[in-house]
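Take any residue in the sequence shown, note its place counting from 1, add 141, and you have its number in our numbering. For every residue, glycine included, the Cβ atom is placed at its ideal position computed from N, Cα and C. Structure first, commentary second.
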Amino acid sequence: MSQGFDYDLIIIGAGVGGHGAALHAVAQGLNTAIIEAAEMGGTCINRGCIPSKALLAASGRVRELRQTQHLRSMGVHVGEVQYDRQGIAAHADNLVNTIRSNMTNSLKRLGVDLIQGWGKVAAAQKVTVETPEGEKNYSAENIILAPGSVPFVPPGIDLDGKTVFTSDDALKLETVPPWITIIGSGYIGLEFADVYSALGSEITMVEALDKLMPTFDPDIAKIAKRVLLDSRDVETYAGVFATKITPGTPVMIELTDAQSKEVVEVLEVDACLVATGRIPVTNKLNLEAVGVETDRRGFIPVNDYLQVIADGEPVPHLWAIGDATGKMMLAHAASAQGVAVVETIQGRDRHVDYRSIPAAAFTHPEISFVGLTEPQAKELGESEGFEVGTARTYFKANSKALAEAETDGIAKIIYRKDTGELLGVHIIGIHAADLIQEAANAIANRQSVRELAFNVHTHPTLCEVLDEAYKRTLEAA
Ligand code: FAD
């Protein structure tokens, strides 16, 4: 244990990032405490990954069983399919409770001190915690800030939590509105569009940028629009801002053209989900005490080792991880950052390799990607002087997808033509979120498609969509 300190490591925030850091720290023998102001598990467990995947799983079954034509093509006949909204909501809630208590118990069992209250930086290597019993002070050799993020609500939008809400309230599934507008076509908006459309809502999706799903590779976004939105009667607007949203019955939504700045339409709908991104929870961390200023949007400035930066220099013994760093707002990225910081603290300097961190939208079918999009790869190629190759394979040519009668989708790989290095992989199709992992591992090892083409994949599996794509690059060579 560090001499003269209460702890070797104190972590502010018990989300996935803080949790990942704490687990690795105790495994390394560090005397560790974690401070949490609300529920253990943060966004992912309570208001993010976990409940959303439970809703997607249940509503996905409803969709599948209602696709009677499709099932009949496989010789399966089903009667009328009904669901119970409260039962689906309870499935999500029960899952959250189970995972949260498993996580809390495992931290306690491993000897991590859980301190309930609002943590603030008091001075170098010191924190204060506002607890129900009053303010408490602790010191630690190292401090990790992992305060996470909350939904961003643009100006002009009023929430009432019932008719106009963010994902925090949508996850409770208190209603299935007949007509809902979803503001934002990022993965959160898309996942909720999947849930609501499966449960029978009509949907209008509004995106401020000129293209829907702006973060996806353009080829994937095109297919996702056809499969996930157009074929489900989801009405879409791009290049349009929701400038004013007033809760009530009906909810009034004023839409303004992004170019002309003129109001183009006023929608009257039953409900509105605002999914316009997330902002860090950094304003009451008292970072001024150590001279740290957050950036314009509130993210904590860090260097490659996730040391917090003040006036261009790292603040000794102060680190930040997770959504609050704005690097990659994903649970597994937060956790990887936590592990990397503990490694660096232990004298084994470690960076996070963001290029190899995969991401997924758990829609039906799923979308996943890792590494660069084609436009990003081309831009890099231009600056570094290499040509970019691509190869595509189709789920409709994959035996397992055909057996499942789930043939919508493609896998697209992007690589350097000179060295063969795999730069990016993008998949839309059944189980895409699971399929992406082998590509992520390949990118982490900077492998060439020419080596990957000789790996042997089980037949018949969906993995063969990637096998096939790697092999196509040999034909092109
Ligand atoms: P958080 O999980 O936000 O945790 C931060 C914690 O710190 C919170 O518990 C907060 O109460 C606490 N805290 C903040 N300030 C203080 C303070 N001063 N003192 C004490 N405690 C404090 N990611 C995925 O990878 N896969 C998914 O499928 C996925 N789905 C998502 C679905 C939705 C609807 C949403 C909203 C997010 C989803 N995410 C998903 C993103 C993921 O939830 C976040 O990236 C992840 O939770 C970030 O972890 P974190 O540890 O940085 O912060």
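For the ligand FAD, a non-hydrogen atom lies closer than 7 angstroms to the CB of residue 470.
The stretch 261-328 contains, as complete alpha helix (DSSP H) runs of 4+ residues, the segments 308-311 (chain order). About 7 angstroms separates the CB atoms of residue 551 and residue 534; that is less than 8 angstroms, so the two are in contact.
Taking a C-beta distance under 8 angstroms as the contact criterion, residue 186 and residue 260 do not qualify as a contact pair. Annotated as proximal: residue 353 and residue 362, with beta-carbon spacing under 8 angstroms. Of the other Cβ atoms in all chains shown, fewer than 16 fall within 10 Å of the Cβ of residue 225; this residue is therefore exposed.
Among the bridge pairs identified by DSSP, residue 611 is matched with none. Secondary structure at residue 244: helix, using DSSP grouped into helix, strand and coil. In this structure, the C-beta of residue 426 approaches the ligand FAD to less than 7 angstroms from one of its heavy atoms. Straight-line spacing of the CA atoms in residue 147 and residue 167 works out to 15 angstroms.
Scanning the stretch 158-212 for uninterrupted beta strand (DSSP E) segments of 3 residues or longer gives 173-177, listed from N- to C-terminal end.
Between the alpha carbons of residue 162 and residue 312 lies a distance of about 27 angstroms. For residue 254, the secondary structure class from DSSP, reduced to helix, strand or coil, is strand. Here the alpha carbons of residue 394 and residue 299 stand approximately 11 angstroms from one another. In the DSSP assignment, residue 371 forms no beta bridge with any residue. Taking every protein chain shown into account, the CB of residue 539 has 16 or more other CB atoms within 10 angstroms, so this residue is buried. Under the three-state reduction of DSSP output, residue 597 falls in the coil class, being neither helix nor strand. One thing to note: residue 399 has its Cβ within 8 angstroms of the Cβ of residue 380.
Minimum Cα-Cα distance from residue 280 among the listed residues 270, 274 and 441 corresponds to 270. About 6 angstroms separates the CB atoms of residue 342 and residue 318; that is less than 8 angstroms, so the two are in contact. Two segments are said to touch when three or more pairs of C-beta atoms, one from each, lie closer than 8 angstroms; by this definition the stretch 287-298 touches the stretch 409-429.
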